[in-house]
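Going left to right, the sequence shown walks through residues 87 to 270 as my numbering numbers them.
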Amino acid sequence: MSRRLPIIHGISERSEGPSERIVEVLDLEFSNGERRHFHRQKPHGYGAVVVVPMLDDETVLLVREYAAGVHRYELGLVKGRIDAGESPVQAANRELQEEAGYGAHRLEVLRALSLVPTYMSHQSWLVLARDLYPQRLPGDEPEELEVVPWRLDALDQLMLRDDFSEGRSLAALFIAREWLRGQA
């Protein structure tokens, strides 16, 4: 079923919660005439990247880093913010060098991933990195991250590990695997 988007009659802002985050309040009118106020987090920054660095045709590089939200070390993909003036490809290559100690000669944006599209506009760009070469840039991590090679044909084992729980990393690996299969 295709519906016309709600009409936005106005957008206001307010601070919410102990961190005083900015929330936008949208005054919406739906096609059936119903009016509602929807809340969404105000976008800040320039988005993020999730990088799938391929060491070879069958092996992805994961990093193990401290995850404060769950207070443990977590396996996942290279990821980070896009800085002002950077494209997703530039940010992906920078983050790859900072977190994993590699650069990439070939980088391709596969798609955007949203986190919680019902109330956030934040997007993470999924970037496939291939033709890797050793190259390290200083990053903002307090310790050097452990780099863990993982075979794509063993994703079924990775997805069940307790120390691999970040949804963007899981989705990105399956998307990249299928995209690579389609290119073969």
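For glycine and all other residues, C-beta sits at the position ideal for the given N, C-alpha and C.
Whole angstroms are fine: how far does the CA of residue j sit from the CA of residue i?
{"i": "E185", "j": "R122", "result": "44 Å"}
{"i": "T204", "j": "G119", "result": "20 Å"}
{"i": "A257", "j": "A170", "result": "26 Å"}
{"i": "E110", "j": "K165", "result": "27 Å"}
{"i": "F260", "j": "R216", "result": "16 Å"}
{"i": "W236", "j": "E264", "result": "16 Å"}
{"i": "H125", "j": "P92", "result": "14 Å"}
{"i": "P224", "j": "S117", "result": "52 Å"}
{"i": "V234", "j": "M206", "result": "31 Å"}
{"i": "L141", "j": "E172", "result": "24 Å"}
{"i": "E102", "j": "H157", "result": "26 Å"}
{"i": "G268", "j": "L241", "result": "17 Å"}
{"i": "M245", "j": "T145", "result": "15 Å"}
{"i": "L196", "j": "P174", "result": "11 Å"}
With residue i as the anchor, note down where its alpha helix (DSSP H) starts and where it stops.
{"i": "G166", "result": "Run containing G166: none in the alpha helix (DSSP H); it sits in the beta strand (DSSP E), 164-167."}
{"i": "L259", "result": "253-269"}
{"i": "V175", "result": "174-185"}
{"i": "Q243", "result": "241-244"}
With which residues is residue i paired in a DSSP beta bridge?
{"i": "Q209", "result": "S200"}
{"i": "D113", "result": "G96, H123"}
{"i": "A215", "result": "P139, L193"}
{"i": "R158", "result": "A153"}
{"i": "P220", "result": "Y188"}
Considering just the uninterrupted stretch of the beta strand (DSSP E) at residue i, what are its terminal residues?
{"i": "G96", "result": "93-102"}
{"i": "P139", "result": "134-142"}
{"i": "L148", "result": "145-153"}
{"i": "V234", "result": "232-237"}
Cβ atoms of residue j and residue i: under 9 Å apart, would you say?
{"i": "R107", "j": "Y132", "result": "no"}
{"i": "V273", "j": "L214", "result": "The first residue shown for the chain is 87 and the last is 270, placing residue 273 beyond what the model contains."}
{"i": "L114", "j": "H130", "result": "no"}
{"i": "W211", "j": "L201", "result": "no"}
{"i": "L238", "j": "A262", "result": "yes"}
{"i": "A177", "j": "A190", "result": "no"}
Does any residue of chain B have a CB that is nearer than 9 Å to the CB of residue i?
{"i": "A177", "result": "Absence of chain B from the displayed structure is noted, only one protein chain being present."}
Is there contact between the region 152-164 and the region 239-250, where contact requires at least three CB pairs shorter than 8 Å? yes
Three CB pairs or more closer than 8 Å across the region 142-153 and the region 180-194: yes
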